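Report on the structure given below.
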Ligand code: CO
């Protein structure tokens, strides 16, 4: 019997997409032992924005959250999303920091590391892969992830080449990450058949979003075309900008005679548990109608929904919404000049903002943003296709070449750890505290200072009581 497995995303992407990652641990702790019996391929529960959100908004230690999930879900593979050399943010970290982060993630409970780079510059995921192989056990999975986008240079052949490269690099599985939810059923069919023909022995995973309304059709075509794993969210946290619903896919696949390995009772109990949790955030306004709706505009303009709303917000601020159509029409030109980067954060904002600037000033590249300059300097990695020579000369000067920032930056000096230890002093009690500080210095300093103050208060209180 054919088998397609399901990754449950409610603890990470579904909650990140629908409610800006503000789901506190206390809201889902109780259901974890039940979720452990569901039979998911994995539970995505960490990485992405969860780390930042824990420290910045929720007053939680992200490492402690992970250890708690591990303790209550001993039988389920726990999965994280890692932005390669950027770890969980947007700047390149040194190799020793990347290695330590991967080591600690595995030590604290992660089984599957889904590793990607915004530009699909695979040099940026190599260190994280090697660290996963070094520190992981026999059940640890390194999943090589491709940022999916549409452009004249992003052909099926190009994606097949990328998959072959991921296989050669030594990844265990491959994930197609359609962050904008713009992959159509037709594209899924051709892409997945092409990839399966080339690297058929490697498990293939599809991650998409319901944003544009394509997802159920796309996932169904992907299943017909040989996909092994799909990402879904428990139904009350599904749809809108989130993933397709776990139970819906379970029932649909059952009729096709495709096994998911899911326990029907358990997945329904999981959804029953999350219903009032969701309602609480609908009532508070944290989950708004917009994130729950289908928005097909992204298909019309070939840009992700988040990028559109960012452009609308900028143009509204500048009282220039009459330039919206012109700015949209400018995007393909800017994107071409930048060598067709995938439209994912931060590149989507860079392309969108530059298009708006070009239109408002009535001239291309009269002003170039700092980010676009840094992109041409090579700070983000290699562009998927050649960039505009003219713009390159304008930014780097005659004969100027981008520097290979990743290689420059990748030295192992131990400096980051030394500086973090000095800055934290006795606030740091573990390697995890130090790592949090390296990733998010301000938020971690505040979190650890609050933690200490809270404990001192408790001590004072207990002395009085005694
Ligand atoms: Co996603």
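Residue numbers (this note's numbering): 529 to 994.
Think of the CB as a built atom: it goes at the ideal place given N, C-alpha and C, for glycine as much as any other residue.
Predicted, not measured: the structure shown is a model, and the values here were computed from it.
Shown here, residue 740 sits in coil according to DSSP, grouped into three states, outside any helix or strand. Judged by DSSP in its simplified three-state form, residue 679 adopts coil rather than helix or strand.
Under the three-state reduction of DSSP, residue 535 is assigned to strand. Boundaries cannot be given for residue 939, as no beta strand (DSSP E) includes it and DSSP labels it neither H nor E.
With respect to the 8 Å criterion, residue 719 and residue 684 are classified as neighbours on the basis of their beta carbons.
Proximity annotation: the ligand CO has residues 541, 707, 735 and 737 in chain order, each selected because its CB is closer than 6 Å to a heavy atom of the ligand. Secondary structure at residue 622: coil, using DSSP grouped into helix, strand and coil. Assignment of residue 793 by DSSP, reduced to helix, strand and coil, places it in the helix class. Per DSSP, residue 691 is one residue of the alpha helix (DSSP H) stretching across 684-697. When the Cα atoms are used, residue 772 and residue 871 turn out to be separated by approximately 22 Å. When 628, 583, 878 and 807 are compared, the shortest CA-CA separation from residue 897 is found for 878.
Closest by C-alpha distance to residue 801, out of 563, 529 and 788, is 563. Residue burial annotation: residue 758 is buried, with at least 16 other C-beta atoms found within 10 angstroms of its C-beta. With contacts defined by Cβ atoms closer than 8 Å, residue 930 and residue 953 do not form a contacting pair. With respect to residue 705, residue 730 sits apart: the two C-beta atoms are not nearer than 8 Å. The three-state secondary structure of residue 959, taken from DSSP, is helix. Spatial neighbours of residue 674 in its own chain (CB-CB distance under 8 Å, excluding positions within 5 residues in sequence) are listed in chain order as 644, 648, 687, 690, 691, 694, 702, 703, 704 and 705.
Leaving aside the five residues that flank residue 593 on each side, the residues in its chain whose CB is nearer than 7 Å to its CB run, in chain order, 553 and 582. Non-local beta-carbon contacts of residue 914 in its own chain, meaning distances under 8 Å to residues more than five positions away in sequence, involve 867 in chain order. Closest in alpha carbon position to residue 735, among 725, 708 and 753, is 708. In the structure shown, residue 701 falls within a strand segment according to DSSP collapsed to helix, strand and coil. The beta carbon of residue 652 sits closer than 7 Å to those of 612, 613, 645, 909 and 934, all from its chain and outside the five residues before and after it, given in chain order. Proximity to residue 946 across 958, 962 and 659 peaks at 962, based on C-alpha coordinates. When rounded, the separation of the alpha-carbon atoms in residue 619 and residue 762 is 33 Å.
Within the same chain, and ignoring the five residues on either side of residue 799 in sequence, the residues whose Cβ sits closer than 7 Å to its Cβ are 762, 763, 764 and 775.
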